[in-house]
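A quick write-up on the structure given underneath.
Residue numbers (my numbering): 28 to 343.
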């Protein structure tokens with residue numbers, strides 16, 4: 028029986044490797060949209076019992092469990108790096124973003140949280156100009172500004188009271204964007220496994236003191252939910268990194284909008300929440316803007332690779 032299963036696994040592996048990289052990236056992206064949304068729904072559920080800061084710690088700590096097979100198979104070699112300072116910075120930003128996100132998620136409708144989280148690429152586009160010195164032409168600036176207009180459509184300041192949850196989610200998205208800039212630097216030298224591994228370790232350490240400050244003894248049910256959240260979140264982060272390694276962001280990011288579809292379904296079925304028209308309209312504007320930015324970045328990156336290849340060919 029074991030031989031049969033092993034043959035099936037090898038066959039599936041061969042089929043997977045035969046797929047074009049873009050197809051593999053899209054499939055991985057589709058899987059991560061379901062995983063992230065399921066994780067957010069589980070967080071919303073468990074924060075009815077546990078403080079969000081404590082839930083964030085368990086998310087990070089249990090997320091590290093996905094690395095146990097790697098450790099058993101080849102030890103801690105995947106943690107080899109010469110950029111420990113950047114890993115610490117990335118983890119600190121990750122912890123701060125997660126604290127804000129979990130706290131906002133505990134008090135905000137699931138679909139609204141998902142819609143506002145789409146602002147992260149917009150913040151990242153602006154920060155890429157400030158920190159990385161990247162150039163943005165008028166079309167990308169226009170797309171970015173329209174994306175922020177979409178954010179205003181969702182929160183409608185001046186028309187309805189600006190709730191604390193929305194503010195926390197937007198702040199979390201801004202910090203997440205800074206974290207992604209740091210990850211861009213790290214992936215120039217380190218593998219996605221190394222980056223994700225250090226994040227799990229260091230975020231757990233940063234999250235522990237705040238969790239101890241608000242600590243409540245979890246029930247058995249809460250323990251099981253937090254184990255589920257941690258493993259699912261860690262696996263989703265790793266698969267997302269692999270998806271981005273397989274294909275350009277411009278090719279796979281349009282599928283990220285499915286998170287809002289799953290969030291609406293989870294929110295209605297589990298919490299009786301129905302997103303209003305403003306949430307859908309604002310999310311579509313934000314997502315279209317973010318997708319265009321990702322597309323333009325992939326086009327620029329492709330041209331740079333072609334230029335570098337042509338120059339290398341001339342030199343050779």
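All C-beta atoms in this analysis are idealised placements derived from N, C-alpha and C, irrespective of residue type, glycine included.
### Message
Which residue marks the beginning of the alpha helix (DSSP H) containing residue 246, and which one marks its end?
### Response
Here residue 246 belongs to no alpha helix (DSSP H), and DSSP marks it neither H nor E.
### Span of the alpha helix (DSSP H) around residue 129
111-134
### Query
Nearest-angstrom Cα distance between residue 243 and residue 48?
46 Å
### Task
Output the distance between the C-alpha atoms of residue 361 and residue 207, rounded to the nearest integer angstrom.
Look at the range of the chain in this structure, 28 to 343, and you will see that residue 361 is not part of it.
### Message
In whole angstroms, give me the CA-to-CA distance for residue 283 and residue 57.
### Response
7 Å
### Query
What is the rounded straight-line gap between the Cα of residue 107 and the Cα of residue 210?
16 Å
### Query
Can you tell me where the alpha helix (DSSP H) with residue 137 in it begins and where it stops?
Secondary structure note for residue 137: its alpha helix (DSSP H) is the uninterrupted segment 137-144.
### Task
Classify residue 251 as buried or exposed, calling it buried when 16 or more other Cβ atoms lie within 10 Å of its own Cβ.
exposed
### Task
Determine, using beta carbons only, whether residue 181 and residue 142 come nearer to each other than 8 Å.
yes
### Query
By Cβ distance below 6 Å, which residues in the same chain neighbour residue 271 in space, the five residues on each side in sequence not counted?
none
### Task
Could you pull the start and end residues of the alpha helix (DSSP H) that residue 224 belongs to?
219-240
### Query
How many angstroms separate the CA atom of residue 321 from the CA atom of residue 111?
28 Å
#### Entry: Straight-line gap, residue 196 to residue 109 (C-alpha atoms, nearest Å)
33 Å
### Query
For the 8 Å Cβ check, are there 3 or more pairs between the stretch 155-170 and the stretch 254-271?
no
### Task
Please classify residue 139: is it buried, with 16 or more other beta-carbons within 10 angstroms of its beta-carbon, or exposed?
Counting the other CB atoms within 10 Å of its CB gives residue 139 a total of 16 or more, which places it among the buried residues.
### Message
Pop quiz: residue 285 and residue 310 are said to be a contact at Cβ under 8 Å. What is the actual Cβ separation, rounded to whole angstroms?
### Response
The Cβ separation is near 12 Å, so there is no contact.
### Query
Nearest-angstrom Cα distance between residue 90 and residue 80?
15 Å
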